[in-house]
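Numbering (the numbering used here), first residue to last: 350 to 620. Below: one structure, written as structure tokens.
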């Protein structure tokens, strides 16, 4: 009887492990005052660079607005064509800037990158202090305009993300004011917690192994944005790395963790 009981408990434990969600390890949680630039909270390694993934859509929007490629939240509306990245069903449609940011549409980013060109992308990024500004892409592949920002050559740290976000909010980037405002206007509100409105952009990507394959068990999840309450703005950066493969993207989970634990996060920052 005891053997049957033990077997049953072991089986239940295996089932429980199978249904429990995979956890991500927080690499960095950072809060900064958007006016004074003071770092209010810095937990973990906030200085090491990794791929920006889809958080790069925010500086890309700034560049595209400034260059006159994006002219409004609804223009240009570009057509999806066979052969474009389409593993997300929401990408299989004609897309405008607002939809691009909401759905994180990779092929739309690629079209903007192609219109800007590698030299201009790098010049903008370096003028923004945006990581290493490297748009060369994978070594020997000449694919920088397709994926430099996705597990490739472009790298940025959480503290550099915070610096970029602060400069953008303050209107201190070397671009037209309308470009900064236009890009910020594309971002969605993630939620409201304790009177704080939180807005930003998620990003998800997988590291590459030495053989070039992706490590799907160690995905990165970014959330970059800001929180606002009674006129005060806080820059928010969260970077996680998975310890097991997960069905939900790392960026969405990083965003949801910020919302879920916001009260505790600002308390640790002394607010």
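The beta-carbon is built from N, C-alpha and C at its ideal position, and this holds for glycine as well.
Scanning its chain for C-beta atoms nearer than 6 Å, with the 5 sequence neighbours on each side dropped, one finds around residue 405 the residues 498, in chain order. The beta carbon of residue 413 lies closer than 6 Å to those of 419 and 461 in the same chain, with the five residues before and after it left out. Of all alpha-carbon atoms in 486, 388 and 503, the one lying nearest the alpha-carbon of residue 480 is that of 503. Look at the segment 466–551 and you find these whole runs of beta strand (DSSP E), each 3 residues long or longer: 537–542.
Residue 375 sits in a strand when the DSSP states are folded into three classes.
In the DSSP assignment, residue 576 forms a beta bridge with 547 and 583. Beta-carbon to beta-carbon, residue 552 and residue 571 are separated by about 4 Å, close enough to satisfy the 8 Å threshold. Non-local C-beta neighbours of residue 508 in its own chain, meaning closer than 7 Å and more than five positions away in sequence, comprise 379, 395 and 396, ordered along the chain.
Judged by DSSP secondary structure, residue 390 falls within the beta strand (DSSP E) whose first and last residues are 388–393. Shown here, residue 571 sits in a strand according to DSSP, grouped into three states. The secondary-structure analysis by DSSP pairs residue 589 across a beta bridge with 375 and 570. The three-state secondary structure of residue 382, taken from DSSP, is strand.
In this structure, residue 400 keeps its C-beta atom at 8 Å or more from the C-beta atom of residue 512. Counting along the chain, residue 612 sits inside the alpha helix (DSSP H) bounded by residues 611–617. Counting every other CB atom within 10 Å of its CB across the protein chains shown gives residue 457 a total of 16 or more, marking it as buried.
For residue 452, the enclosing alpha helix (DSSP H) covers residues 446–452. By the C-beta criterion, the segment 443–454 is judged to be in contact with the segment 417–433, since at least 3 inter-stretch pairs fall below 8 Å. For the options 555, 578 and 440, the alpha carbon positioned closest to that of residue 382 is the one of 578. Taking the CA atoms as reference points, residue 466 sits about 7 Å from residue 494. Separation of residue 544 and residue 599 (C-alpha to C-alpha, rounded to the nearest whole angstrom) is 26 Å. Under the three-state reduction of DSSP output, residue 414 falls in the helix class. Closest in alpha carbon position to residue 520, among 477, 605, 573 and 398, is 477. The three-state secondary structure of residue 557, taken from DSSP, is strand.
Residue 568 holds the alpha-carbon nearest to the alpha-carbon of residue 557 among 547, 549 and 568. Between residue 529 and residue 522 the beta-carbon gap is near 6 Å, inside 8 Å, which marks them as a contact. In terms of CA proximity to residue 506, 588 leads the group 588, 524, 468 and 533. From the listed residues 464, 411 and 527, the smallest Cα separation to residue 474 is found for 411. Annotated three-state conformation of residue 421 is strand, per DSSP.
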